[in-house]
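Visitor:
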């Protein structure tokens, strides 16, 4: 594993965020089969790799719903949201980033405790105990 | 730059400096302070505490560095001999001359020793300075040596200070006697009936009171053997503390012919100016309105006036009426007196409530028209003092039937209204001159959002502490008026606080977050506040590890490692007491090298390995475990380290084996989840190389055992741990620690360190001793048993995880790929690596 990089390879914020665009159910043209539902913790999340994208997927068991969003937290641009804790704020399902507890709505991606940019969200469907994430590209 | 010389470094002299340097234009002035005593200013009001802990530093108003940090020259051990007010110079006993622009005399007072025959004999002491106490203690230990029976000792004077001294005499192991010339105790503050109530209470504590006694002679050859009060009336005592009042120290003022009162005291005007306009006098040496004020609060007010005057704010002067109200705990009895405690019939009437079964006495004095409260006395129950005092100070309206102010309320509500009814100018904290308006303002403008903020912004409650309940009420009421919820419930999902949830989980035996939420929640789905809290409680109660329900664990516990700013983790294996073999040290190095980890020694003297990815964590731990390491819980709100010095095993000064005991303690409490992290320290001698007093629990080896300190921490608000028990053996240390930690785990708020918990514990350290040592709540058996259960159930959660394929599943960055996070970028730094800086 090559971890030491040169300055020219440093992360480009726009380039990363460019990859993630909120996708509405009606625009889905491809359902990516990510993993078995049993690979995800109850009321918790895990990260799915799709091409060069990292997607956080949450199994909100208490609501009997599944959510997906970008794994990168727009605050410090780290790939960590899937490791965050989920819950609700006045009924809105949310995820809290494990780094600084920035919270985002899992319904529409809005930052609930600050004015960060909204995160991109994706539709999820379950078929035969498998989790599928919908993409428009 | 102008030069101010302050003569006297007592409480008032210190307060002058403290108030002065807070002023924006203070930097145009240089302050030099002369103190006659060897140490910087200390809290004389709480002098009797010195007997309890022998810790002079704990009484200090500010540490010695405070003076130099604030550009104040403090010259201790130096008396000022004379003043030349024309040349504007002073001369010290060392014949050094200093010139001044302003001179502030804060020379205080000296104990008054009546001219009784034989008063010069050995064994007769006064009670004012730490040196006085040290002399007394030394004499006491000499006469007590080798004697089993209790020796009688007396205090001459039954005033405020005399009763404090009586407590000290009792604490020294004597049979204490108080001798008072007047027919009642505290003659300036109490009436005869309240004095009777107080007398009964303190006599029940073993202190004998003798009233209306005129001491005619001190008996004995060279040392005191008794006191004579007249014919055939004597008391055999072998030590005497004289506390018969104070005399202002005005001898220095006399060297330059400043105006002096006929019975002593340096005359001052409303500006605190003496008869020379460049010389001020404040505190107990100053004669204002023909009175000497022997209380600290008026002294502080005088200091404040002098500060304003010197800075040219001439309109701020001393008020004519000086409040002499006092509230204090004397020998464990609450006593308060405010306004006019006695009532001449021409001014008004008194209403008196007395309950001898409870040792309670309350008196209020009201004007003839029953509209004004003029003063009063409270003994035994002073909970209403703050409100009554405010009603008196602000001439607030009182109920039509004034007796409601002191009669036990039938509906449990006090007759007086809300604290918010006080006028804005009402002085809530008289020690620090903080008004209601100031407190409300800093909350309203957002400077303060809780009690701790209010205290740190205004210093309210930091003096005598008597106003703390009122400051707290005022803070809560103001927050409430702004619509800010002051409930301490954990979050929107529960109407319960941590302590409630603790009891519920313990009693009902819940095992999952959902059980707790479904049965006791508000119908929501939890959040990042209540989930980790419930996880922590389950761990504190059932010894659950972080593997059991990992999705409710906080960021670090979830992956049992410390998440770093780029989403990688650091790994800290346990190294109990900091003792490590060369082989294990080599193993750590080899593992760090194998996984290319940035390596650093932590503040808790162990090794931290940074830059591990999620996928690497189990691999690293398999290697560590195979070399005999276990989890260090550096990621948990749990015991971190017990730091040790090398102790008597190697050190030539060591009094005990600090390393051995530190290891034992670290292994005992490892893995236990608490409201916040816990750190310990064990030092082998008083040189304190392990910095044990900066820890939640600290031990220092002394002759005859360990001294146990509790409730310290570093961090944003450093606090020294408080001395809890002395010279106890290993077994007792463990017993007390088991009880202390368990009591903390049961009752603290979420994420509250022991220091903050202890500080806010009602009744403070004394209460803690009653619970833990005297078993006042009858819970120590449960506490010990609960702790022992946790100790017995301990298992290393990393060993548990690496041996369970199901638990291991979570340590993958991707659920559908074995690849690593490709977003990580490291840059080189000093032969190691670090995450690239955030933009």
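Protein chains in written order, with my numbering: chain A, 1 to 137; chain B, 138 to 976.
In this text, a Cβ means the ideal position worked out from N, Cα and C, and glycines have one as well.
These figures come from a predicted structure and were not determined experimentally.
1) Excluding the five sequence neighbours on either side, which residues of its own chain have a C-beta within less than 8 Å of the C-beta of residue 777/B, listed in chain order?
2) Using a Cβ-Cβ distance cut-off of 9 Å, determine whether residue 35/A contacts chain B.
3) Determine, using beta carbons only, whether residue 23/A and residue 104/A come nearer to each other than 9 Å.
4) Which parts of the region 340-400 of chain B are runs of the alpha helix (DSSP H), unbroken and 4 residues or longer, counting only runs that do not cross its ends?
5) Roughly how many whole angstroms lie between the Cα atoms of residue 876/B and residue 883/B?
6) Could you pull the DSSP bridge partners for residue 492/B from this structure?
7) Using a beta-carbon distance below 9 Å, is residue 5/A in contact with chain B?
8) Is there a Cβ from chain B that is less than 9 Å from the Cβ of residue 114/A?
9) Please compile the residues from chain B whose C-beta is within a distance smaller than 8 Å of the C-beta of residue 41/A.
10) Can you confirm whether residue 87/A, when its beta carbon is compared against all beta carbons of chain B, has any partner nearer than 9 Å?
11) Is the separation between the beta-carbon of residue 523/B and that of residue 511/B shorter than 9 Å?
12) Kindly identify the DSSP beta-bridge partner or partners of residue 534/B.
13) Tell me whether residue 477/B sits in a helix, a strand or coil according to DSSP, three-state version.
14) Nearest to residue 80/A by CA position, among 125/A, 96/A, 65/A, 37/A, is which residue?
15) List, in order along the chain, the chain B residues whose C-beta lies closer than 8 Å to that of residue 99/A?
16) Excluding sequence positions up to five away, which residues of its chain have a Cβ less than 7 Å from the Cβ of residue 92/B?
17) Counting C-beta neighbours from all protein chains within 10 Å, is the total for residue 972/B 16 or more, i.e. buried, or is it exposed?
18) For residue 749/B, collect the residues of the same chain with a Cβ closer than 8 Å to its Cβ; drop the 5 residues on either side in sequence, then sort them by chain order.
19) Just verifying my parser: in three-state terms, what is the DSSP assignment at residue 71/A?
20) At the level of alpha carbons, what is the spacing between residue 615/B and residue 594/B?
21) So for residue 105/A, helix, strand or coil by DSSP?
22) Of the residues that make up the region 942-971 of chain B, which ones have a beta carbon closer than 9 Å to any beta carbon in chain A?
23) Strictly below 7 Å CB to CB, what residues from chain B border residue 47/A?
24) Apart from the five residues on each side of it in sequence, which residues of its chain come closer than 7 Å, Cβ to Cβ, to residue 266/B?
25) Are the beta-carbon atoms of residue 111/A and residue 120/A separated by less than 9 Å?
26) Assign residue 894/B to one of two classes, buried (16 or more other C-beta atoms within 10 Å of its C-beta) or exposed (fewer than that).
27) Per DSSP, what kind of secondary structure is residue 573/B in: helix, strand or coil?
28) With residue 165/B as the anchor, note down where its beta strand (DSSP E) starts and where it stops.
29) I'd like to know whether the C-beta atoms of residue 152/B and residue 441/B end up nearer to each other than 9 Å.
30) Secondary structure at residue 663/B, three-state DSSP: helix, strand or coil?
31) For residue 471/B, list the residues DSSP reports as bridge partners.
32) Compare the C-beta of residue 662/B with all C-beta atoms of chain A and state if any pair is closer than 9 Å.
33) Mind checking residue 673/B: buried by the 16 CB within 10 Å criterion, or exposed?
34) Which value, in whole angstroms, describes the spacing of the CA atoms of residue 495/B and residue 517/B?
35) Beta strand (DSSP E) containing residue 461/B: first to last residue?
36) Where do the N-terminal and C-terminal ends of the beta strand (DSSP E) with residue 32/A fall, by residue?
Guide: Quick look at the numbers:
1) The residue given as residue 777/B occupies position 640 in the second chain. Once the five neighbours on either side are set aside, the close Cβ partners of residue 777/B are 741, 769, 770, 771, 814, 815, 816.
2) Numbered from its first residue, the first chain carries residue 35/A at position 35. The beta carbon of residue 35/A sits closer than 9 Å to some beta carbon of chain B.
3) Residue numbering aside, residue 23/A sits at position 23 when the first chain is read from its first letter. Residue numbering aside, residue 104/A sits at position 104 when the first chain is read from its first letter. Here residue 23/A is not near residue 104/A, since their CB atoms are 9 Å or more apart.
4) The region 340-400 of chain B contains these whole alpha helix (DSSP H) runs: 388-391.
5) For the purposes of this step, residue 876/B is taken as the residue at position 739 of the second chain. For the purposes of this step, residue 883/B is taken as the residue at position 746 of the second chain. Cα to Cα, residue 876/B sits roughly 10 Å from residue 883/B.
6) Residue numbering aside, residue 492/B sits at position 355 when the second chain is read from its first letter. Paired residue(s): 497/B.
7) For this step, residue 5/A is matched to residue 5 along the first chain. Only weak support exists for where residue 5/A lies, its pLDDT of 42 falling under 50; the value from the coordinates is given anyway. Yes, residue 5/A lies at the interface with chain B (some Cβ there is under 9 Å from its Cβ).
8) By 1-based counting over the first chain, the position of residue 114/A is 114. No, residue 114/A does not count as interfacial toward chain B.
9) For the purposes of this step, residue 41/A is taken as residue 41 along the first chain, with counting starting at 1. Under a criterion of Cβ atoms nearer than 8 Å, the residues of chain B adjacent to residue 41/A are, in order, 687, 688, 947.
10) Here residue 87/A refers to the residue found at position 87 when the first chain is read from its first residue. Interface with chain B (9 Å Cβ-Cβ cutoff): residue 87/A is included.
11) Within the second chain, numbered from 1, the residue matching residue 523/B stands at position 386. Within the second chain, numbered from 1, the residue matching residue 511/B stands at position 374. The answer is no: Cβ separation not under 9 Å.
12) Taking the first residue of the second chain as 1, we reach residue 534/B at position 397. Beta-bridge pairing links residue 534/B to no other residue.
13) Looking up residue 477/B in the second chain gives position 340. Residue state, collapsed to three classes: coil.
14) Sequence index remark: in the first chain, residue 80/A carries index 80 (1-based). Proximity to residue 80/A across 125/A, 96/A, 65/A, 37/A peaks at 96/A, based on C-alpha coordinates.
15) Numbered from its first residue, the first chain carries residue 99/A at position 99. For residue 99/A, the chain B residues whose Cβ falls inside 8 Å of its Cβ are 692, 700, 702, 704, in order along the chain.
16) What the structure shows of chain B is the stretch from 138 to 976, and residue 92/B is not part of that stretch, so it cannot be assessed.
17) Position 835 of the second chain, counted from the first residue, corresponds to residue 972/B. Burial of residue 972/B is indicated by the presence of at least 16 other C-beta atoms within 10 angstroms of its C-beta.
18) Mapped onto the second chain, residue 749/B falls at position 612. 698, 705, 706, 707, 708, 732, 734, 757.
19) As a working mapping, residue 71/A is identified with position 71 in the first chain. DSSP places residue 71/A outside both helix and strand once states are collapsed to three, so it counts as coil.
20) Here residue 615/B corresponds to residue number 478 of the second chain, with the count starting at 1. Here residue 594/B corresponds to residue number 457 of the second chain, with the count starting at 1. Going from the Cα of residue 615/B to the Cα of residue 594/B covers about 16 Å.
21) Locating residue 105/A in the first chain gives position 105, where the first residue counts as 1. Residue 105/A sits in a strand when the DSSP states are folded into three classes.
22) Within the region 942-971 of chain B, the residues whose Cβ lies closer than 9 Å to some Cβ of chain A are 946, 947, 949, 950, 951, 952, 953, 954, 956, 957, 958, 959, 960, 961, 962, 963, 964, 965, 970, listed in chain order.
23) Numbered from 1 along the first chain, position 47 holds the residue referred to as residue 47/A. Under a criterion of Cβ atoms nearer than 7 Å, the residues of chain B adjacent to residue 47/A are, in order, 950, 951, 952.
24) Taking the first residue of the second chain as position 1, residue 266/B is located at position 129. Cβ neighbours of residue 266/B beyond the five flanking positions: 174.
25) One-based indexing of the first chain puts residue 111/A at position 111. One-based indexing of the first chain puts residue 120/A at position 120. With respect to the 9 Å criterion, residue 111/A and residue 120/A are not classified as neighbours on the basis of their beta carbons.
26) By 1-based counting over the second chain, the position of residue 894/B is 757. Residue environment for residue 894/B: buried (at least 16 other C-beta atoms within 10 angstroms of its C-beta).
27) Translated into positions along the second chain, residue 573/B becomes position 436. DSSP places residue 573/B in helix when its eight states are reduced to three.
28) Residue mapping note: residue 165/B aligns to position 28 of the second chain, counting from 1. Where residue 165/B is concerned, there is no enclosing beta strand (DSSP E), given that its DSSP letter is neither H nor E.
29) Locating residue 152/B in the second chain gives position 15, counting from the first residue. Locating residue 441/B in the second chain gives position 304, counting from the first residue. Yes.
30) For the purposes of this step, residue 663/B is taken as the residue at position 526 of the second chain. DSSP, reduced to helix, strand and coil, places residue 663/B outside both helices and strands of the structure shown, so it counts as coil.
31) Here residue 471/B refers to the residue found at position 334 of the second chain. DSSP, once it has assigned bridges, lists 466/B as partnering residue 471/B.
32) For this step, residue 662/B is matched to residue 525 along the second chain. Chain A contact via Cβ: present.
33) Taking the second chain and counting its residues from 1, the one referred to as residue 673/B is at position 536. Residue environment analysis places residue 673/B among the buried positions, since at least 16 neighbouring C-beta atoms fall within 10 angstroms of its C-beta.
34) For the purposes of this step, residue 495/B is identified with residue 358 of the second chain, where counting begins at 1. For the purposes of this step, residue 517/B is identified with residue 380 of the second chain, where counting begins at 1. Computed Cα separation, rounded: 8 Å.
35) In the second chain, residue 461/B corresponds to position 324, counting from 1. According to the DSSP assignment, residue 461/B belongs to no beta strand (DSSP E), since it is labelled neither H nor E.
36) The residue labelled residue 32/A in the question sits at position 32 within the first chain. Following the DSSP letters along the chain, one finds residue 32/A inside the beta strand (DSSP E) bounded by residues 30-36.
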